[in-house]
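Participant:
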Amino acid sequence: MDFPVSIRTEKLPNTPPHVNVYYPLVYNLENQQAQQAINRAIITLLNKLLVEQNYYEPSLVELLANFEIKNNQRGILSLNLIVYSFTGGAHGMTIVKSLTFDTKTGKQYSLKELFKPNSNYVDKLSTIIDRDIIKWQVDLLEPFKSIRPDQDFYIADTSLVVYFQLYEITPYYWGFPYFPIPILDVKDIIQPNAPLDTMMAFT
Numbered sequence: 005m006d007f008p009v010s011i012r013t014e015k016l017p018n019t020p021p022h023v024n025v026y027y028p029l030v031y032n033l034e035n036q037q038a039q040q041a042i043n044r045a046i047i048t049l050l051n052k053l054l055v056e057q058n059y060y061e062p063s064l065v066e067l068l069a070n071f072e073i074k075n076n077q078r079g080i081l082s083l084n085l086i087v088y089s090f091t092g093g094a095h096g097m098t099i100v101k102s103l104t105f106d107t108k109t110g111k112q113y114s115l116k117e118l119f120k121p122n123s124n125y126v127d128k129l130s131t132i133i134d135r136d137i138i139k140w141q142v143d144l145l146e147p148f149k150s151i152r153p154d155q156d157f158y159i160a161d162t163s164l165v166v167y168f169q170l171y172e173i174t175p176y177y178w179g180f181p182y183f184p185i186p187i188l189d190v191k192d193i194i195q196p197n198a199p200l201d202t203m204m205a206f207t
């Protein structure tokens with residue numbers, strides 16, 4: 005039986021008063037190599053986001069980084085890193101990026117790796133999202149064509165959640181457009197023994 009992994013919250017030390025950076029690390033994994041791989045991936049992505057969000061720039065007014073655990077069960081860990089920064093102007097900017105791991109091996113999964121090779125997953129997911137855009141009357145900057153092959157995603161229980169950054173397809177006021185897709189809706193193209201297959205066993 006795969007129990008949830010232990011996660012602790014770390015705070016980046018020695019930051020200015022207007023900067024608070026919180027991030028997760030896993031610990032007590034039986035497979036220490038997996039633990040190191042997961043934590044290294046988290047730190048690497050966090051550092052990339054801090055650079056993108058002007059952490060080192062003198063113009064930085066405020067920065068807050070935190071995280072959300074979206075799935076921590078059945079050997080699959082999926083989490084979001086969220087970094088907000090403000091450098092002046094009308095409003096600040098937030099970036100959300102996600103990581104999905106097999107906690108037994110430490111392998112990080114891309115969107116493509118969730119699906120069978122040559123499964124045309126981009127078209128399948130795009131069709132589902134386009135339908136939801138129409139149904140929910142989502143305001144778009146321009147007509148929706150397709151997701152990127154490496155579109156942002158996370159896993160939440162028995163759903164694959166595909167999402168877009170601010171301004172990627174919608175105006176700022178719309179926030180982050182999230183599209184939860186039940187795993188059963190894409191069961192015919194799921195890669196065996198990959199995270200969606202693991203989670204689908206419990207649908």
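Positions in the sequence shown are counted from 1; adding 4 to them yields my numbering.
Glycine included, each C-beta is placed from N, C-alpha and C at the ideal position.
Values in this document were obtained by computation on a predicted structure and should not be read as measured data.
1) Tell me which residue opens and which closes the alpha helix (DSSP H) that Asp-127 is part of.
2) At 3 residues or longer, what runs of the beta strand (DSSP E) sit wholly inside the region 71–126?
3) So if DSSP puts Ser-163 in a beta bridge, which residue, or which two residues, is it bridged to?
4) If you compare alpha carbons, which of Asp-161, Thr-107, Gln-195, Phe-183 is closest to Arg-135?
5) Please confirm whether Pro-199 and Asp-106 have their CB atoms less than 8 Å apart.
6) Classify Lys-15 as buried or exposed, calling it buried when 16 or more other Cβ atoms lie within 10 Å of its own Cβ.
7) Pull up the distance between the alpha-carbon of Pro-147 and that of Tyr-176, whole angstroms please.
8) Relative to the alpha-carbon of Glu-34, which residue among Asn-70, Ala-45, Ser-130, Gly-79 has its alpha-carbon at the smallest distance?
9) In this structure, how does DSSP classify Ile-47 when only helix, strand and coil are distinguished?
10) Take Gly-179 and list the residues in its own chain whose beta-carbon comes closer than 8 Å to its own, dropping the five residues that flank it on each side.
11) Which two residues bound the contiguous alpha helix (DSSP H) that contains Leu-200?
12) Pick out whichever of Val-87, Asn-43, Leu-129 has its Cα sitting closest to the Cα of Ile-193.
13) Output the boundary residues of the beta strand (DSSP E) element that contains Arg-12.
14) Would you decide whether Ile-138 is buried or exposed? Buried here means 16 or more other CB atoms lie within 10 Å of its CB.
15) Thinking just about the alpha-carbon of each residue, which of Val-166, Gly-93, Ser-123, Trp-140 is nearest to the one in Leu-103?
16) When we look at the beta-carbon of Tyr-27 and count the other beta-carbons within 10 Å, is it buried (16 or more) or exposed?
17) Let me check one thing: in DSSP terms, what residues is Glu-66 bridge-paired to?
18) Looking at C-beta atoms only, is the number of pairs between the region 82–102 and the region 67–74 that lie closer than 8 Å three or more?
Facilitator: Working from what's here:
1) 125–140
2) 80–90, 97–106
3) Ala-160, Pro-186
4) Phe-183
5) yes
6) exposed
7) 16 Å
8) Gly-79
9) helix
10) Leu-170
11) 199–204
12) Leu-129
13) 10–15
14) exposed
15) Val-166
16) buried
17) Phe-90
18) yes
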